[in-house]
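Chain order of the listed sequences is L, W and X. This note's numbering applies: residue 6 is where the first sequence begins, and numbers increase by one. This note's numbering applies: residue 112 is where the second sequence begins, and numbers increase by one. This note's numbering applies: residue 1072 is where the third sequence begins, and numbers increase by one. Virtual Cβ for every residue (Gly too), placed ideally from N, Cα, C. Because the structure is a prediction, the values reported are computed rather than measured. Accompanying notes for the structure given below.
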Amino acid sequence: MTGSTAALGKDLIGLEPLSPDQIRVILDTAEPFKEITERRIKKLPVLRGKTIVNLFFEPSTRTRISFEFAEKRLSADTVNIGAAGSSVSKGETLVDTARNLEAMSIDMVVIRHWSAGAASFLAARIPSNVINAGDGAHEHPTQGLLDILTLRDHFGSLEGLRVCIVGDVLHSRVARSNIYGLVKLGARVGVCGPRTLLPARIEQLGVRVFARVEDAIRWADALNVLRLQLERMQDGFVPSLREYNRVFGITRPRLERAPKDLLIMHPGPMNRGVEIDSDVADGPHSVILQQVTNGVAVRMAVLYLLAGGAPHLAEAARDWTGA
Amino acid sequence: MSRVLIRGGRVIDPATGLDADGSDILVVDGRIDAVESGLNAGDADLVDAQGLVVAPGFVDPHAHLCEPGWEHRETIRTGALAAAAGGYTTVCAMPDTDPVVDDPASVGFIVAEGRRARGARVYPVAALSAGCQGERLTEFGEIVDAGAVAVCDAGKSVGSSSLMRLALEYARSFGVPVLSQGEDRDLAVRGVMHEGVMSTRLGLRGKPAVAEEIGVARDLALARATGGRLHLQRVSTGVAAELIQAAKAAGVQVTAEATPHHLLLSHDLLEGYGTEYKVDPPLRTARDVELLGAALAHGIIDCIATDHAPRHYDEKEQAFDDAPHGVVGLETAFAVLHTRLVQKNLLPLHELLHRMSTGPARALGLPGGSLEPGQPADIVLIDAGMDWTVAAEDFVSKGRNTPFEGARMTGRVVRTLVGGTTVWSLGRATRAPGPGVPAAT
Amino acid sequence: MTPTDPTVLMDGADVRRAVDRMAHEVLEKLGGTRRFVLIGIQRRGVDLAGMISTAIAAAEGIEVATGTLDITFYRDDLMTVGPRPVVGETKLPPSGLDDMAVVLVDDVLYTGRTARAALNELMDWGRPARILLCVLVDRGDRELPIQPDIVGRALQVLANQRVDVLVPDIDGKLAVVLSAVEPG
């Protein structure tokens, strides 16, 4: 039995910088954490005595709660700092927030910020482990990981699997993390949405672009349906939500014309009747709730791996031969 | 009668095409008296220029000296001295201060502070519209009389085509150029970097190249229609350079500038979200860098502008979206272009000197940029072989926000003379306070 | 640290004889209850639990429930040695552990820290009626007040020596070997 090397390094900023093996290690580590809910005491002593700050500059319910569950099930002490009513909403700069965290000897920081690059900015300035819980339109690595874990649960392997991300890719950190992770693990990735909501030169990330959702459905094994923020209509990216649903919405009639059953995923929260119809979201091929369950397991895995991943401990880990 | 003899240097005057090694320059009362070899020193103060390049002092058509209002970033004094340290003998100060330089009194303030600074000559560029708000023209006549050499809305494209047309027409009455950063503001307004595969990867909002193409095309069309003098600021795209080339061929009165960073750096550097690379217009693609370099070599880009924009250190220490754009450039412009273009045989030395002195002087109609007898003795001495490393902490400027920190350089300005007086020399403190630099002619 | 010069302390036949005797001891101590489960600690404890289960089946003709336990998340040295990249499976009887007798099986008992972690983990799964600790080799030098109930062989081993149990599924053969540990 051998110990690991520092599996992930100090931080988890995104899936783009990770190797395929590092992504696999996280997914494999998530497996045993899935069972934790079956135990009488749903708690492991892995992070006992560790302090974690959940620093959410942007409101979030599901991601924050998922992280909080993961942290608590690993016995960490957690503090939530939300945007409303805290110093972060009073014009304190990110660097001052970082200095304050450092002064309080926080072990880990989970950060959600509206600005792309904010997580790496923080990670470069504090010794604590930093986990990106979404930075602007850049990455949301734990969401990407839980999506990939859900796909792996269903299809066994990701090699050659055809996954299409449908919707507002332009503003989506979930889309980017999915693309990076899936491409690294050998899946084929498509994106489909109004051209106004696909970012410049997206093809260069190794994805195939589908203009019409019918073509994407014919091609794909699984669809990851992105939320269409209602502001996008006000900003003029799409002329109306009604047309969006009519042209790009994932509806049962569209899926019934597909040659095979497609797995349906959605990172939530859903706009039922806009990007996805209720009978699809609640249908037999939807794994939207399993994504939520896997989210906690993946986040536990990331916390666990980062906790042992401090660089100066890697040496000891390599030498460790078991007791 | 004060006399200075600069002896034995390689004298390059891009204005006349002169390139003569072992030449002397005699300066009498702040003006160039003669350029030839073997001049008699007589009672003149001697400046040994053997082994050095002697050229017209650089002229920066575009710098932000931040005073009044932003003195924590830079002052006219520190900016003028930083300019001198970079070989500049003339800088044009942009009007985007607080308050904006949009009336004769503020223009007069810049002129007066510039004279007190005893570094490079400082010429004010006044706002084109009141408060740079793009609504109504400033009083061009009075501000030109007060000393403004051009008008512009400093980093903002004039949104209204009608106002831009009026500015180009009205400026003709006073013989000053209208400076403009060609940009369609609707398209550019939310971008923080170049729109392309890097902005897609980084998840940052992109500013598309087409925003500049449209803005430049509009300004060129208006310049053609009005016969006004247009100077395009900080051109960053290959297509814009092509548009300028075509307009020049068609006889439009247009000149254009590009910055060292747009000529040398591409958007790939934004990997890692380094705010030291956040500039406006944004760093473009490697292809744009290549096309811009070619446009510079062919004279389509007339001159180098630093767009010197000092920032307080904590302003750049923010998330990328929140950090202000801008880099300092006065103290590195010559060295980076010499190292990365001249040393790599992409641009002859005399062409670089031309784009840094003669080109901008002509573009903005300023004195200097020439070593011909009768011209002010604004002169730079360069050690073209000197190796050094950029270290922001050694800058004379208050700004430390350089994208070239730690870069190895070959070629360095070793002495700068304004009106025959040494205002800066390498390894020596700037001269003690004395009588001000002679007033601009 | 590299183990060198392994000496065979028990060959396959020795181990099998010891396992048979351990199976009988388990029956002696718990045979009356019939409600017991053999839980092997990942990884080689799992193989030994299987061997004991087989031996019980051969001797008594009864199927004994087995389970596996991975104690990685309960180690007290996680932060100093780093996590394992892949954690073994913990698989316990679907009926749970409440009121069951549990025989915890491991290959080597040394400091006692693994047994401590395993006990803590079992408590989080349920409330067993009784837990017995059953090891193939007890090499002494405990760091915690933990003693085995059933031992295959007790050995006196120097601190700079290590004892390894080899099992067919992982190591290709069945044996107990002793090797020297070079000073790290």
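Extent of the continuous alpha helix (DSSP H) to which residue i belongs
i: tyrosine 249 of chain L; result: 246-253
i: arginine 237 of chain L; result: 236-239
i: leucine 457 of chain W; result: Neither: leucine 457 of chain W is in no alpha helix (DSSP H) and is coded neither H nor E.
i: serine 125 of chain L; result: 123-128
i: phenylalanine 38 of chain L; result: 25-39
i: arginine 118 of chain W; result: Element bounds for arginine 118 of chain W: not the alpha helix (DSSP H) but the beta strand (DSSP E), 114-124.
Cβ neighbour criterion (16 or more within 10 Å) applied to residue i
i: glycine 8 of chain L; result: Bear in mind that a pLDDT of 34 at glycine 8 of chain L, under 50, signals an unreliable position, so the number given afterwards is only what the model happens to contain. Buried.
i: valine 400 of chain W; result: buried
i: valine 122 of chain W; result: buried
i: valine 158 of chain W; result: buried
i: proline 289 of chain L; result: exposed
i: histidine 378 of chain W; result: buried
i: asparagine 229 of chain L; result: buried
i: serine 148 of chain W; result: exposed
i: glutamate 40 of chain L; result: exposed
i: histidine 409 of chain W; result: exposed
i: glycine 119 of chain W; result: buried
i: leucine 13 of chain L; result: buried
i: aspartate 287 of chain L; result: exposed
i: alanine 1129 of chain X; result: exposed
i: alanine 1172 of chain X; result: buried
i: glutamine 209 of chain L; result: exposed
i: methionine 112 of chain W; result: exposed
i: aspartate 324 of chain L; result: Confidence at aspartate 324 of chain L is low in this model, with a pLDDT of 40, below 50, so the placement of that residue should be treated as unreliable; the coordinate-derived value is given next. Exposed: under 16 other Cβ atoms inside 10 Å.
Residue j beta carbon less than 9 Å from that of residue i
i: proline 421 of chain W; j: cysteine 203 of chain W; result: no
i: leucine 1140 of chain X; j: threonine 1161 of chain X; result: yes
i: glutamine 244 of chain W; j: glycine 266 of chain W; result: no
i: leucine 127 of chain L; j: threonine 102 of chain L; result: yes
i: valine 100 of chain L; j: phenylalanine 72 of chain L; result: no
i: leucine 1237 of chain X; j: glycine 1243 of chain X; result: yes
i: valine 390 of chain W; j: histidine 372 of chain W; result: yes
i: valine 51 of chain L; j: alanine 312 of chain L; result: yes
i: arginine 283 of chain W; j: arginine 340 of chain W; result: yes
i: glutamate 368 of chain W; j: arginine 345 of chain W; result: yes
i: proline 235 of chain W; j: proline 210 of chain W; result: no
i: leucine 156 of chain L; j: proline 25 of chain L; result: no
i: threonine 249 of chain W; j: alanine 261 of chain W; result: no
i: aspartate 1178 of chain X; j: leucine 1203 of chain X; result: no
Residue i - containing beta strand (DSSP E), residue span
i: methionine 415 of chain L; result: No answer is possible for residue 415 of chain L: the residues shown for chain L start at 6 and end at 328.
i: tryptophan 499 of chain W; result: 490-500
i: histidine 373 of chain W; result: No beta strand (DSSP E) contains histidine 373 of chain W, which is instead part of the alpha helix (DSSP H) from 371-375.
i: arginine 213 of chain L; result: 213-215
i: isoleucine 143 of chain W; result: 142-147
i: proline 172 of chain W; result: 169-174
i: valine 1236 of chain X; result: 1232-1237
Interface partners of residue i on chain W, CB under 9 Å
i: leucine 210 of chain L; result: Val308, Thr311 and Arg312
Under 9 Å from the C-beta of residue i: neighbouring residues of chain X
i: leucine 49 of chain L; result: Phe1144, Tyr1145, Glu1192 and Asp1195
i: arginine 217 of chain L; result: Under the 9 Å cutoff, chain X gives no residues; its nearest Cβ is about 42 Å from arginine 217 of chain L.
Listed by chain order, chain L residues near residue i by CB distance under 8 Å
i: threonine 1161 of chain X; result: Pro37 and Glu40
i: tyrosine 384 of chain W; result: Ala121, Gly122, Ser125 and Phe126
Cβ-heavy atom distance, residue i to the ligand NAD, below 8 Å
i: alanine 446 of chain W; result: The ligand NAD is not part of this structure, which contains no ligands at all.
Partner residues on chain L for residue i, Cβ-Cβ distance less than 9 Å
i: aspartate 1141 of chain X; result: Pro37
Under 7 Å from the C-beta of residue i: neighbouring residues of chain L
i: glycine 317 of chain W; result: Ala205
Neighbour list for residue i in chain W, Cβ cutoff strictly below 7 Å
i: alanine 142 of chain L; result: Gly314
i: threonine 98 of chain L; result: Gln429
- Unbroken stretches of the alpha helix (DSSP H), 4 residues or longer, contained in the stretch 54-84 of chain L: 67-78
- In chain order, which continuous runs of the beta strand (DSSP E) of length 3 or greater are located wholly inside the stretch 1126-1191 of chain X? 1136-1140 and 1172-1180
- Give, in chain order, every unbroken run of the alpha helix (DSSP H) that is at least 4 residues long and sits entirely within the stretch 221-307 of chain W. 251-256, 272-283 and 296-299
- Enumerate, from N- to C-terminal direction, the unbroken alpha helix (DSSP H) stretches of 4 or more residues contained entirely within the stretch 183-225 of chain W. 187-196
- Message: Quick check for students: name the residue ranges of the alpha helix (DSSP H) that lie wholly in the stretch 134-211 of chain L, counting only runs of 4 or more.
- Response: 146-160 and 178-189
- Return the residues of the stretch 1195-1214 of chain X that lie within a Cβ-Cβ distance of less than 7 Å from chain A, sorted by chain order. Here chain A cannot be found, since the structure's protein chains are L, W and X.
- Contiguous beta strand (DSSP E) assignments of at least 3 residues, all confined to the stretch 322-394 of chain W: 341-343 and 365-369
- Item | alpha helix (DSSP H) runs contained entirely in the stretch 256-321 of chain L, provided each spans 4 or more residues | 257-261, 283-286 and 293-312
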